[in-house]
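Trainee:
Residue numbers (this note's numbering): 15 to 153.
As structure tokens, this is what we get:
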């Protein structure tokens, strides 16, 4: 974790030694990741943007899961006691230039195997006359 300090802040709280893979892209900066107590399972966290906040509550259990943050200024919160049974993907945002999007999952959520949650349709929508990208707030 030593080389991640310049790019953001990662806080662990009595983690149960679970396999946790945090991958920060070279362009990312000022990200904050909070991992609660007694988190177990396998979680891969990939952050491509900057100024993002990831909060994983206490007593979460992950069957192999991936959280991929693709843009800036995003908040991801998985509440206390959230569980996944395996092969879950959380894809947040489209790319670093897209608008901020957030994923908030409350306490004690039980997520099934092989699900994918996307906060973007992964392509911009263009205005028919101007061919400019339509902001997501007006879609």
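Think of the CB as a built atom: it goes at the ideal place given N, C-alpha and C, for glycine as much as any other residue. Computed from a predicted model, the values in this text were never measured in an experiment.
(1) Taking the alpha carbon of residue 54 as the reference point, which residue from 90, 73, 130 and 128 has its own alpha carbon closest?
(2) Could you check the C-alpha separation between residue 99 and residue 124 for me, to the nearest Å?
(3) With burial defined as no fewer than 16 other Cβ atoms inside 10 Å of the residue's Cβ, what is the status of residue 148: buried or exposed?
(4) If contacts are defined as beta-carbon pairs under 8 Å, then residue 97 and residue 75 qualify, I think. What distance do you get, rounded to the angstrom?
(5) To the nearest whole angstrom, what separates the beta carbons of residue 68 and residue 80, a pair I think is in contact under 8 Å?
(6) Going by C-alpha distance, which of 38, 71, 41 and 84 is nearest residue 132?
(7) Is the distance from the Cβ of residue 60 to the Cβ of residue 39 below 9 Å?
(8) Taking the continuous beta strand (DSSP E) assigned at residue 46, which residues delimit it?
(9) Determine the DSSP secondary structure at residue 37, reduced to helix, strand or coil.
(10) Using DSSP with H/G/I as helix, E/B as strand and the rest coil, what is residue 148?
(11) My guess is that residue 117 and residue 106 are in contact by the Cβ rule of under 8 Å, so how many angstroms apart are they, rounded?
Mentor: The structure says:
(1) Closest in alpha carbon position to residue 54, among 90, 73, 130 and 128, is 73.
(2) In a straight line, the C-alpha of residue 99 is about 8 Å away from that of residue 124.
(3) Residue 148 is exposed by the Cβ-count criterion.
(4) Contact between residue 97 and residue 75 holds: CB atoms are separated by about 5 Å, below the 8 Å threshold.
(5) 13 Å between Cβ atoms; not a contact.
(6) Checked all of 38, 71, 41 and 84; the closest Cα to residue 132 is 84.
(7) Between residue 60 and residue 39, the gap from beta carbon to beta carbon is short of 9 Å.
(8) Unbroken beta strand (DSSP E) run through residue 46: 45–49.
(9) Here residue 37 sits in strand by DSSP.
(10) In this structure, residue 148 counts as coil in the three-state DSSP scheme.
(11) Confirmed, Cβ separation roughly 6 Å.
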